[in-house]
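Scroll down for the structure; my scribbles are underneath it.
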Amino acid sequence: MLINNKEIDINAITKDIFDDKDMIKNKGNGIYLSDNQINVLKRYNIDYKKYNSIKSLIFEIENILNEETDLEDLEAVSESLAEINYYNNTNK
């Protein structure tokens, strides 16, 4: 793309702004996760694929959080999943 007679690569500019690893995607069974969240779950040996709903995944994460403290990254994933669950599964 030419802007002020200079060739500008839009993909190079937006690459730094939009990190695909933070994009939340449907992973099946109503479970929406980003690649970064999946990496956090893997760190704690949680396989999101074995859960049949977002509620069961949240329950497992909360069990781990109740047993251990200072797991801020896992707590952030839990909060995000709870928010997604609320907006997708609550009648308004």
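Following the working numbering, the numbering of the sequence shown begins with -9 at its first residue and continues without gaps.
We treat Cβ as the ideally placed atom computed from N, Cα and C, and that holds for glycine.
It should be emphasised that the depicted structure is a prediction, and the values quoted were computed from it without experimental measurement.
Considering only their Cβ atoms, is the gap separating residue j from residue i smaller than 9 Å?
{"i": "leucine 71", "j": "isoleucine 44", "result": "yes"}
{"i": "tyrosine 101", "j": "leucine 61", "result": "This structure does not reach residue 101, given that the chain is present from -9 up to 82, and the question cannot be answered."}
{"i": "asparagine 26", "j": "aspartate 37", "result": "no"}
{"i": "lysine 39", "j": "lysine 17", "result": "yes"}
{"i": "serine 24", "j": "isoleucine 51", "result": "no"}
{"i": "aspartate -1", "j": "valine 30", "result": "no"}
{"i": "isoleucine 48", "j": "asparagine 75", "result": "yes"}
Determine which residues share a DSSP beta bridge with residue i and list them.
{"i": "leucine 23", "result": "Lys15"}
{"i": "leucine 61", "result": "Beta-bridge pairing links leucine 61 to no other residue."}
{"i": "leucine -8", "result": "Glu(-3)"}
Smallest Cα separation from residue i: which of the options?
{"i": "asparagine 78", "options": "Phe49, Asn29, Ile28, Ile21", "result": "Ile21"}
{"i": "serine 46", "options": "Asn19, Asn1, Asn(-5)", "result": "Asn19"}
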